[in-house]
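Here is the structure we will look at, set down as structure tokens.
In the numbering used here, the protein residues as written are 95 to 208.
Given below as structure tokens:
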């Protein structure tokens, strides 16, 4: 969608089943973060978008979080980071996914999360 949060590619997995499982997992992660994220009215400015690189262990613990692309507004960027940290631990990975960790790029926009 034009507003919200979107994920980038994760780490491997191979095959349609793993890809489908990873997509379902990505949605669970986004939902967990969505529940924790709110944007102040003063930050609801068109064009703001920040990309966060998030690395998650199998148990859902966030082991790396960094701004990959800044919105240009440090308050907006920090609100996105806080949402991920408040949601930590994220849902655990499905057992069928064999990776020891997954990497996501989450895209935050002020219009809400999708």
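Backbone N, C-alpha and C fix where the C-beta goes; we use that ideal spot for every residue, glycine too.
* Nearest candidate by alpha-carbon position, reference residue 192, set 153, 204 and 176 -> On the chain shown, position 98 is the one that residue 192 refers to. Sorting 153, 204 and 176 by C-alpha distance to the C-alpha of residue 192 places 153 at the top.
* To do: Specify, as a first and last residue, the run of the beta strand (DSSP E) that residue 199 falls within.
  => Start at 1 with the first residue of the chain shown, and residue 199 comes out as number 105. Unbroken beta strand (DSSP E) run through residue 199: 195–202.
* Label residue 204 either buried or exposed according to how many other C-beta atoms from any shown protein chain fall within 10 Å of its C-beta, with 16 as the threshold for buried. => Here residue 204 corresponds to residue number 110 of the chain shown, with the count starting at 1. The residue is buried, with at least 16 neighbouring Cβ atoms inside 10 Å.
* **One or two residues paired with residue 160 in a DSSP bridge** => Position 66 of the chain shown, counting from 1, holds the residue named residue 160. BP columns for residue 160 point to 147.
* Asked: Is the Cβ-Cβ distance between residue 162 and residue 199 less than 9 Å?
  -> If you number the chain shown from 1, residue 162 lands on position 68. If you number the chain shown from 1, residue 199 lands on position 105. Contact: yes.
* Report yes if the CB atom of residue 150 is closer than 9 Å to the CB atom of residue 179, and no otherwise. => Within the chain shown, residue 150 is the residue found at index 56, counting from 1. Within the chain shown, residue 179 is the residue found at index 85, counting from 1. It is not a contact, given that the beta carbons lie outside the stated cut-off.
* Asked: Terminal residues of the continuous alpha helix (DSSP H) containing residue 182?
  -> As a first step, residue 182 is located in the chain shown; it is residue number 88 there, counting from the start. Segment: none, residue 182 is in no alpha helix (DSSP H) and carries neither H nor E.
* Option in 114, 158, 159 and 139 with minimal Cα separation from residue 165 -> Taking the chain shown and counting its residues from 1, one reaches residue 165 at position 71. Of the candidates 114, 158, 159 and 139, the one whose C-alpha sits nearest the C-alpha of residue 165 is 139.
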